[in-house]
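Protein sequence lines, in the order shown, are assigned to chains A and B.
Following the numbering used here, the numbering of the first sequence begins with 1 at its first residue and continues without gaps.
Following the numbering used here, the numbering of the second sequence begins with 206 at its first residue and continues without gaps.
Data first, discussion second: the structure below is written as structure tokens.
Number of protein chains: 2
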Amino acid sequence: MCNNGVVPTESSRARATNETRDRILDVALAVLGENPDAGMGDIASAAGVVRRTVYGHFPSRLDLVRTLTERAVTEMTAVLTEVNASDAAADAAWVGFIARLWPVAYRYRVLLALRRGEYGETIHGLLGPVDELLADLVKRGQDSGVFAQHLPAGMLSQVAYGVVFAIADTDLSNGTPGARAATITSLLMLGVPETRAIALVGDQP
Amino acid sequence: MCNNGVVPTESSRARATNETRDRILDVALAVLGENPDAGMGDIASAAGVVRRTVYGHFPSRLDLVRTLTERAVTEMTAVLTEVNASDAAADAAWVGFIARLWPVAYRYRVLLALRRGEYGETIHGLLGPVDELLADLVKRGQDSGVFAQHLPAGMLSQVAYGVVFAIADTDLSNGTPGARAATITSLLMLGVPETRAIALVGDQP
DNA sequence: TTTTCGTTGCACACCGGTGTGCAGCCTACT
DNA sequence: AGTAGGCTGCACACCGGTGTGCAACGAAAA
Chain A
1 MCNNGVVPTE SSRARATNET RDRILDVALA VLGENPDAGM GDIASAAGVV RRTVYGHFPS
61 RLDLVRTLTE RAVTEMTAVL TEVNASDAAA DAAWVGFIAR LWPVAYRYRV LLALRRGEYG
121 ETIHGLLGPV DELLADLVKR GQDSGVFAQH LPAGMLSQVA YGVVFAIADT DLSNGTPGAR
181 AATITSLLML GVPETRAIAL VGDQP
Chain B
206 MCNNGVVPTE SSRARATNET RDRILDVALA VLGENPDAGM GDIASAAGVV RRTVYGHFPS
266 RLDLVRTLTE RAVTEMTAVL TEVNASDAAA DAAWVGFIAR LWPVAYRYRV LLALRRGEYG
326 ETIHGLLGPV DELLADLVKR GQDSGVFAQH LPAGMLSQVA YGVVFAIADT DLSNGTPGAR
386 AATITSLLML GVPETRAIAL VGDQP
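This is how it looks when you write it as structure tokens:
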């Protein structure tokens, strides 16, 4: 036991272990993204590992999904707080938000499917903070008049980011217009006029 | 064997059988709407019938789902062809379409969840004709300038009715603003200005 | 009355996924 | 050299859902 410094210089063993764990998580996200019903066995072999090893890192399937969700929450919260802190107009902020959220939404698109049935409770619970931040952003847009008010902020934000995830979900079928389509569509849905929406994404494609 | 008339006056036995079959289908739609992973046993008991009886009408779970999907296609096609045939402006036609499609979309919201995994192939295949009619309507709107052209008609129509189903899917969580929310949101997404959208749904709430 | 047939209530086999136990192996740490 | 610990490759039990087989019941149809 050495290493008195701040950086937790892990031993080569521990590093390898963490690599395995991270690889399992990454692969699980990819595999479950393709097929939300994939089993632990599928994930294991895709990660170049035996099923038993996966259970070594995650005692149950729920543990795996929970960890995945926590990752998603961390990443999305980071983007959202940052965007929310900026003083840009809400619609411009939204564009930046989607641009940065898109890769995340796409990677974690499986959560949309897993939201239902068996893990839904857990996922929904963990996603709470994200929902709030999202609603804040939309509310800000509504108060400043750049977003429409046909729906309450909470509901509108849910629908809007549901759509972003939905587009991420159906992306593979049609090349990859994903990010742009998601941005424009969500802007329109938020009540931003088409011309303004096009201009905004033109600035930041 | 009597009954030479056009109307197939079924015997009381056949009528009872059909009633059972129809009840199973209706109940299956409701139960699967609540939980897409419900088993044949759940459906059976909800229909006041034994599991074995369900298998008597539908040899396999896939048969049940297929029949359900065929029902959905029939209903949606009817609405779409009728709306498509009218000479109203595309955006007005869209309002009528959603108004009439809404109950159907809500009833069959389970198909959104079942679209993935195991039955996805079958469902997607059967839904082909609906997709075409939908794309026609959107294309008409784009050509006449009432719908935005930021996305090709085929893709836009998919996203738009995906959203309608998505809202139908998350409806129960927030009272039931469903139909109106779905209509306005989808109109906005199609590029219809907010004022125009509000006016349109005002005409036909 | 006799037959037909949908329904019932068992039984059963089958399957796939989950989670656990354990001995062995190989490698990095001590 | 010795040991600790992650990975392996089995083994196994368990569970829940699927689909089938069959004898029996009861009511409508012949």
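No residue lacks a Cβ here, since even glycine has one placed at the ideal position from N, Cα and C.
From a predicted model like this one, the values you see are computed outputs, not experimental measurements.
* What residues in its chain sit with their C-beta under 8 angstroms from that of B/L377, if we drop five residues either side in the sequence? -> Position 172 of the second sequence, counted from the start, is the residue given in the question as residue 377 of chain B. Here the model assigns B/L377 a pLDDT of 47, short of 50, so the residue's position is not dependable, and the following value carries that caveat. Answer for B/L377: no residue qualifies.
* Asked: Going along chain B in order, which residues have a C-beta closer than 7 angstroms to the C-beta of A/P36?
  -> For the purposes of this step, residue 36 of chain A is identified with residue 36 of the first sequence, where counting begins at 1. Per Cβ cutoff of 7 angstroms: R321 and G322.
* Asked: Rounded to the nearest angstrom, how far is the Cβ of B/P357 from that of B/T282, given a contact under 8 angstroms?
  -> The residue given as residue 357 of chain B occupies position 152 in the second sequence. The residue given as residue 282 of chain B occupies position 77 in the second sequence. The pair is not a contact, with the Cβ atoms about 22 angstroms apart (cut-off 8 angstroms).
* **Exposed unless 16 or more other CB atoms sit within 10 angstroms - verdict on A/V192** => The residue given as residue 192 of chain A occupies position 192 in the first sequence. It is buried - the Cβ of A/V192 has at least 16 other Cβ atoms within 10 Å.
* Straight-line Cα distance separating A/I167 from B/V369 -> Numbered from its first residue, the second sequence carries residue 369 of chain B at position 164. Numbered from its first residue, the first sequence carries residue 167 of chain A at position 167. Straight-line Cα distance between these residues: approximately 13 angstroms.
* Span separating the alpha-carbon of B/Y366 from that of B/A298 -> Start at 1 with the first residue of the second sequence, and residue 366 of chain B comes out as number 161. Start at 1 with the first residue of the second sequence, and residue 298 of chain B comes out as number 93. If you take the alpha carbons of B/Y366 and B/A298, they lie about 14 angstroms apart.
* **Cβ-based burial, A/T69 [other Cβ within 10 Å; buried from 16]** => One-based indexing of the first sequence puts residue 69 of chain A at position 69. By the 10 Å Cβ count, A/T69 comes out buried.
* Comparing the C-beta of A/L188 with each C-beta of chain B, is any distance below 8 angstroms? -> Taking the first sequence and counting its residues from 1, one reaches residue 188 of chain A at position 188. Answer yes: the Cβ-Cβ gap between A/L188 and chain B drops below 8 angstroms somewhere.
* Asked: Cα separation between B/T390 and A/L114?
  -> The residue labelled residue 390 of chain B in the question sits at position 185 within the second sequence. The residue labelled residue 114 of chain A in the question sits at position 114 within the first sequence. Each residue's Cα considered, the two are about 25 angstroms apart.
* What is the rounded straight-line gap between the Cα of A/W102 and the Cα of A/A30? -> Here residue 102 of chain A is taken as the residue at index 102 of the first sequence, counted from 1. Here residue 30 of chain A is taken as the residue at index 30 of the first sequence, counted from 1. Cα-Cα distance, rounded: 15 angstroms.
* Evaluate B/D296 with the Cβ neighbour count: other Cβ atoms within 10 Å of its Cβ, from every protein chain shown; 16 or more gives buried, anything less gives exposed. => Counted from its first residue, the second sequence places residue 296 of chain B at position 91. So B/D296 ends up on the buried side.
* Asked: Taking the C-alpha atoms as reference points, what is the distance between A/F58 and A/E19?
  -> The residue labelled residue 58 of chain A in the question sits at position 58 within the first sequence. The residue labelled residue 19 of chain A in the question sits at position 19 within the first sequence. Taking the straight line joining both Cα atoms gives about 14 angstroms.
* To do: Could you work out which residue in A/N35, A/V54 and A/E34 is closest to A/G41 when comparing CA atoms only?
  => In the first sequence, the residue the question calls residue 41 of chain A occupies position 41. Minimum Cα distance to A/G41 is reached at A/V54.
* Does the beta carbon of A/V159 come closer than 8 angstroms to any beta carbon on chain B? -> As a position in the first sequence, residue 159 of chain A is number 159, starting the count at 1. Yes, its Cβ sits closer than 8 angstroms to a Cβ of chain B.
* Are there 16 or more other CB atoms within 10 angstroms of the CB of B/S265, so buried, or fewer, so exposed? -> By 1-based counting over the second sequence, the position of residue 265 of chain B is 60. Classification of B/S265: exposed, given that the 10 Å Cβ count is below 16.
* Give the C-beta separation of B/T388 and B/A304 to the nearest angstrom, bearing in mind that I take them to be a contact with Cβ-Cβ under 8 angstroms. => Along the second sequence, read from residue 1 onward, the residue named residue 388 of chain B stands at position 183. Along the second sequence, read from residue 1 onward, the residue named residue 304 of chain B stands at position 99. Confirmed, Cβ separation roughly 7 angstroms.
* Short CB-CB distance (under 8 angstroms) between B/T390 and chain A -> As a first step, residue 390 of chain B must be located in the second sequence, where it is residue number 185. Interface residue, yes.
* Which full runs of the alpha helix (DSSP H) of 4+ residues lie inside the stretch 289 to 352 of chain B, going along the chain? -> 295 to 312, 315 to 319, 325 to 331 and 333 to 348
* Rounded separation between B/E337 and B/S349 - CA only -> By one-based count along the second sequence, residue 337 of chain B stands at place 132. By one-based count along the second sequence, residue 349 of chain B stands at place 144. When the Cα atoms are used, B/E337 and B/S349 turn out to be separated by approximately 18 angstroms.
* alpha helix (DSSP H) containing A/A47: first to last residue? -> Counted from its first residue, the first sequence places residue 47 of chain A at position 47. Run containing A/A47: none; DSSP gives neither H nor E here.
* My guess is that A/V95 and A/L25 are in contact by the Cβ rule of under 8 angstroms, so how many angstroms apart are they, rounded? -> Looking up residue 95 of chain A in the first sequence gives position 95. Looking up residue 25 of chain A in the first sequence gives position 25. No, A/V95 and A/L25 are not in contact; Cβ-Cβ is about 30 angstroms, not under 8 angstroms.
* **Close beta carbons around A/G120, own chain, < 8 angstroms, minus the five adjacent residues each side** => For the purposes of this step, residue 120 of chain A is identified with residue 120 of the first sequence, where counting begins at 1. The residues are L114.
* To do: Identify whether A/S157 lies in helix, strand or coil by the three-state DSSP scheme.
  => By one-based count along the first sequence, residue 157 of chain A stands at place 157. It is helical.
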